[in-house]
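Residue numbers (UniProt numbering): 1 to 290.
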């Protein structure tokens, strides 16, 4: 399986409206514990979803597979892709590197990632997530991991200007439980978590969820385990011809989010920006040419 091909999760979500009631019940059961739910015997999957074995066979065929064994083979390939480290990812691309300059190859991959990602996002869900993040009545917590902390910091820097009560939690820090002391029901957590998903991030999400917080997850095409707890989950395609995954699509979503929330309460955002600029002038942090 090529990492840029649709995942089985993608296929299920794309076909949901065309499935029968029993098949939809099965689909939701698979997604609930994806991909592990599909790795056992067919009879076990049918029992867990409370559907018949023929229902499983029919839905697998609707997803484009000849049978359950082929379905499972692709699931196992997805699991291998999830676990790849940078060296393994580089070797995958090196074996079949296409011709052409890296600038073109890389850009083509990013554009394809963006196109596929946007095709999977429900605009209403995105708007609802933005409304939560921009709501000044809710405290906002932003969390990233070893690599994704760059996305978290970028969002945090802008959100601080746009609204009050914003906290950046370093999930890799031993002090992150301290931040949970003041979390109230209805507060919002924006969490970034891509493959090689971090245990600290999942535990933090579980504890925030237990306190009644709303969780908005930005993850990859295979989806972090945090998605089971998330009110909104936005999956980005991340595979490019590199040993490292791409953050370009996630950054696009983050910058779009920033644009949306600044307009939700522009008067407040404008006032905070003017006060911040005044402080910059006082500190002479930036050079002025006028």
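Glycine included, C-beta positions come from ideal geometry on N, C-alpha and C.
Contact annotation: the region 238-248 does not touch the region 264-283, with fewer than three C-beta pairs closer than 8 Å.
The beta carbon of residue 185 lies closer than 8 Å to those of 211, 212 and 213 in the same chain, with the five residues before and after it left out. Boundaries of the beta strand (DSSP E) harbouring residue 214: 214-220, taken from the DSSP string. The continuous stretches of beta strand (DSSP E) do not include residue 63, and DSSP gives it neither H nor E. Contact between the region 154-171 and the region 191-204 is present: three or more C-beta pairs spanning the two stretches fall below 8 Å. Under the Cβ criterion (8 Å, minimum of three pairs), the region 11-28 does not count as touching the region 218-237. In the three-state reduction of the DSSP assignment, residue 276 falls in the helix class, which pools H, G and I. Going by DSSP, residue 253 is part of no beta strand (DSSP E) but of the alpha helix (DSSP H) stretching over 248-264. For residue 58, the closest alpha carbon among the candidates 35, 12 and 249 is that of 12.
The bridge partners DSSP lists for residue 229 come to none. Under the three-state reduction of DSSP, residue 204 is assigned to helix. Residue 113 counts as buried, since at least 16 other C-beta atoms from the protein chains shown sit within 10 angstroms of its C-beta.
Distance from residue 183 to residue 140 at the Cβ level is roughly 11 Å; contact not present, criterion being Cβ atoms closer than 8 Å.
Annotation: the continuous alpha helix (DSSP H) that includes residue 110 extends over 102-120. Under DSSP, residue 144 takes part in a beta bridge, and its partners are 170. Exclusion of the five residues before and after residue 254 leaves 151, 154, 155 and 218 as the residues of its chain whose Cβ lies within less than 8 Å of its Cβ.
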